[in-house]
Amino acid sequence: MMGLVSYMGKLRVAVQVEKDFINPLKLKSHIENAFDMILNAALRTSTVSLAD
Numbered sequence: 005m006m007g008l009v010s011y012m013g014k015l016r017v018a019v020q021v022e023k024d025f026i027n028p029l030k031l032k033s034h035i036e037n038a039f040d041m042i043l044n045a046a047l048r049t050s051t052v053s054l055a056d
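Quick look at the structure:
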């Protein structure tokens, strides 16, 4: 199970998995890496003007 919550500019991710099924350190590392990739891609392609 996975849940996402955004509150006051902070994104929180909660993941629940079966005990000893997934290495928690590797999972955290992969989630952080994926977030960095998504953020970098979004910043590169962001051309929206807020002055409209």
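Everything in the sequence shown is counted per my numbering, starting at 5 for the first residue and increasing by one.
No residue lacks a Cβ here, since even glycine has one placed at the ideal position from N, Cα and C.
All values derive from a computational prediction rather than experimental measurement.
Query: M5 versus F25 - alpha carbon distance; Result: 13 angstroms
Query: Distance CB(I35)-CB(V19) smaller than 9 angstroms; Result: yes
Query: Nonlocal neighbours in the same chain, by C-beta distance under 6 angstroms from G7, ignoring five residues either side; Result: A18
Query: Minimum C-alpha distance to K14 - residue among F39, K30, K32; Result: F39
Query: Residues sharing a beta bridge with K14, DSSP; Result: Y11
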